[in-house]
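Taking this note's numbering, I'd label the letters of the sequence shown as residues 6 to 303. Scroll down for the structure; my scribbles are underneath it.
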Amino acid sequence: MSVALLPVEASKSPAENLRRYIQELRNENDLVLIEQEVDPDLEMAAICRRVYETEDKAPLFMNLKGSSSGGLFRILGAPAGASSVPGKRFIRIANSLGLPSDLSEVCWGPVKEHKLFGNDIDLTAVPNPKLHLDDGGKFTQTFGIAMLHGPRTLVGPVIPRQDIRVTRQMWLDRGEDMPFALCFGVPPVAIMVSAMPIPKGVNEAGYVGALTGNPVEVVKCETNDIYVPAFAEIVYEGFVSATETAPEGPMAEYHGLIFPGESRDCPLFKVNAIAHRTDPILPICVTGRAPEESHTVW
């Protein structure tokens with residue numbers, strides 16, 4: 006006896022559909038069909054406990070004692086237990102949550118509807134918001150920190166514990182400016198994932214795809230080799246200077262406090278290209294005391 010799938014189920018991810026999940030276990034050789042009659046009164050539980058202890062294949066009990074002909078239901082044991090599949094000990098958990106998916110590179114996306122380059126760019130003409138009375142300037146990137154500095158420059162912190170600092174250090178070691186792409190209006194789930202403590206080396210875009218069940222569609226930037234969400238609202242492209250800095254801040258923080266007049270020198274972000282949708286939308290976070298995104302999301 007097999008586990009039948011309806012046509013509509015075949016396209017589902019294992020995280021969305023139990024039968025697709027079971028099919029994936031079979032594909033990974035991590036499922037055993039038990040055709041022999043098993044008593045659901047303690048015997049079945051004992052088998053499952055043994056499976057947990059030995060990290061053996063997940064048992065699908067096909068013939069339960071006391072069931073009518075054909076059985077009312079079958080039982081799947083240890084659906085999220087550890088596995089003995091080489092190199093895939095937690096494959097069942099991964100399939101339950103959704104496996105990271107590769108990015109889907111497309112040749113065009115709505116974010117490419119309009120493009121600006123070089124001297125055609127004037128960031129000061131954009132309605133950048135000033136969020137608090139004592140803020141040191143206008144902040145374009147409010148889900149991180151990127152303060153408007155000039156017609157083609159932004160300034161923002163590169164915090165040591167964050168990946169951006171690690172990446173920038175690699176470029177500094179080469180004596181070069183670091184290319185960047187600053188995206189606004191990205192998939193909402195990406196905003197949440199960007200702040201999660203995901204283990205180093207795990208692709209955040211792949212994690213987003215795992216959560217949604219669909220790969221993130223990305224397009225290549227106009228001036229560098231970075232890929233950005235095809236359905237983003239706005240993308241700034243450019244370089245983070247290896248040597249130039251400018252004052253950043255102050256900005257009111259999530260704890261509701263600000264230190265007026267205080268600023269610090271941070272790397273200069275030079276913008277040399279902008280891509281955006283027609284009538285683009287800029288999401289903002291007005292940091293302060295709860296509740297706001299610093300508390301509801303991060």
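Positions of the beta carbon are idealized from the N, C-alpha and C atoms, including for glycine. Nothing here was measured: the structure is a model prediction, and the numbers come from that model.
As assigned by DSSP and simplified to three states, the class of residue i
| i | result |
| --- | --- |
| Leu102 | helix |
| Ile126 | coil |
| Gln41 | coil |
| Ala195 | helix |
| Lys225 | strand |
| Tyr21 | Sequence inspection shows Glu at residue 21; the Tyr mentioned does not correspond to that position. Three-state result, Glu21: coil. |
| Met49 | helix |
| Gln146 | strand |
| Met183 | strand |
| Lys117 | helix |
| Pro64 | strand |
| Glu267 | coil |
| Met309 | With the chain running from 6 to 303 in the structure shown, residue 309 is simply not present. |
| Ile164 | coil |
| Ala210 | helix |
| Pro285 | coil |
| Ile203 | coil |
| Glu58 | helix |
| Ala278 | strand |
| Leu11 | coil |
| Leu108 | coil |
| Leu262 | coil |
Beta-carbon proximity of residue i to residue j, cut-off 7 angstroms
| i | j | result |
| --- | --- | --- |
| Phe189 | Glu238 | yes |
| Val245 | Tyr232 | no |
| Leu65 | Leu47 | no |
| Lys70 | Asp35 | no |
| Asn100 | Pro19 | yes |
| Pro234 | Val191 | yes |
| Asp140 | Met256 | yes |
| Leu273 | Thr145 | no |
| Ala63 | Leu30 | yes |
| Glu42 | Asn68 | yes |
Residue i classed as buried or exposed, judged by whether at least 16 other C-beta atoms fall within 10 angstroms
| i | result |
| --- | --- |
| Ala15 | exposed |
| Cys226 | buried |
| Met201 | exposed |
| Tyr57 | exposed |
| Ile98 | exposed |
| Val207 | exposed |
| Gly243 | buried |
| Gly254 | buried |
| Leu262 | exposed |
| Cys112 | exposed |
| Asn32 | exposed |
Contact set for residue i: own chain, Cβ-Cβ below 6 angstroms, skip 5 residues either direction
| i | result |
| --- | --- |
| Trp176 | Met183 |
| Ala249 | Correcting the residue type first, residue 249 is Glu in the shown sequence and not Ala. Around Glu249: Leu273. |
| Ala280 | Val116, Lys117, Lys120 and Val240 |
| Ile169 | Val163 |
Neighbourhood of residue i by C-beta distance below 7 angstroms, restricted to the same chain and skipping five residues each side
| i | result |
| --- | --- |
| Leu108 | Ala210, Pro220, Val221, Val223 and Tyr232 |
| Glu258 | Thr292 |
| Phe264 | Pro255 |
| Thr172 | Met183 |
Residue i: CB within 6 angstroms of a non-hydrogen atom of the ligand SAH
| i | result |
| --- | --- |
| Ala257 | The ligand SAH is absent from the structure shown, which contains no ligand whatsoever. |
Neighbourhood of residue i by C-beta, 8 angstroms cutoff - its chain only, sequence neighbours within 5 removed
| i | result |
| --- | --- |
| Ala9 | Arg24 |
| Glu60 | Gly86, Ala87, Ser88, Ser89 and Arg94 |
Short CB-CB distance (under 7 angstroms) between residue i and chain B
| i | result |
| --- | --- |
| Pro202 | Absent from the structure: chain B. Only one protein chain is present. |
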